Amino acid sequence: MPIPAIPGALQPCLTNLIDNAVKYGGYARVSAGCEAGNLLISVADGGPGIPEAQMERVFDPFYRVETSRSRETGGSGLGLTIARNIAHKHGGTLTLRNKPGGGLECLLVLPIQR
């Protein structure tokens, strides 16, 4: 589905979401579809999810659920911040939710027409 986009900008957004899913959830299951004039891209994993109280905080720069400073167990805390900024620059949204059966789902919604 063609969407109006800044060339090359969506790649780091999706890369961050997929890398996080693999790193913290063991795998990434990516799916896409259209609904109400929007492109919906879901990146789901099989990890423990994120505590509800921290669900929005993970979008703050340098905030990490994993407080270790080891690069083996956590990153810099910028991946989701960057991904959400890219979504907003495209007129879209990026939200997170814990899946009922376990794991986390990142939902990227981008308008097909602006």
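Quick note: the sequence shown uses this note's numbering, first residue 3, plus one each step. From the three backbone atoms N, C-alpha and C, an ideal C-beta is built for every residue, glycine too. Values in this document were obtained by computation on a predicted structure and should not be read as measured data.
Which stretch, first to last residue, makes up the alpha helix (DSSP H) that contains residue i?
i     : result
Pro14 : 12-27
Gly81 : 81-91
Residue i and residue j: beta carbons closer than 9 Å?
i      : j     : result
Val60  : Ala46 : no
Tyr26  : Leu96 : no
Pro191 : Ala85 : Outside the shown range of the chain (3 to 116) lies residue 191, about which nothing can therefore be said.
Leu80  : Leu19 : no
For residue i, which residues from the same chain have a beta carbon less than 6 Å from its beta carbon, with the 5 sequence-adjacent residues on both sides left out?
i      : result
Leu112 : Ile5, Leu41, His92, Gly94
Ala34  : Ile43
Note down the Cα distance separating residue i from residue j, rounded to an integer number of angstroms.
i     : j     : result
Thr17 : Val24 : 11 Å
Arg71 : Ala7  : Residue confidence for Arg71 is low, a pLDDT of 47 falling below 50, so the modelled location carries little weight and cannot support an answer.
Ala89 : Cys36 : 16 Å
Tell me which residues share the same chain as residue i and place their Cβ nearer than 7 Å to its Cβ, disregarding the 5 neighbours each side in the sequence.
i     : result
Gly49 : Tyr26, Gly27, Gly28, Gly105, Leu106
Can you list, in chain order, the residues of its chain whose CB lies under 8 Å from that of residue i, leaving out five sequence neighbours each side?
i      : result
Lys101 : Ala46, Gly51, Glu107
Please determine, among the options, the residue with the shortest C-alpha to C-alpha distance to residue i.
i      : options             : result
Leu98  : Gly39, Asn22, Leu12 : Asn22
Ile114 : Asn87, Gly39, Ala30 : Gly39
What residue does the beta strand (DSSP E) around residue i start on, and which one ends it?
i     : result
Ile43 : 40-46
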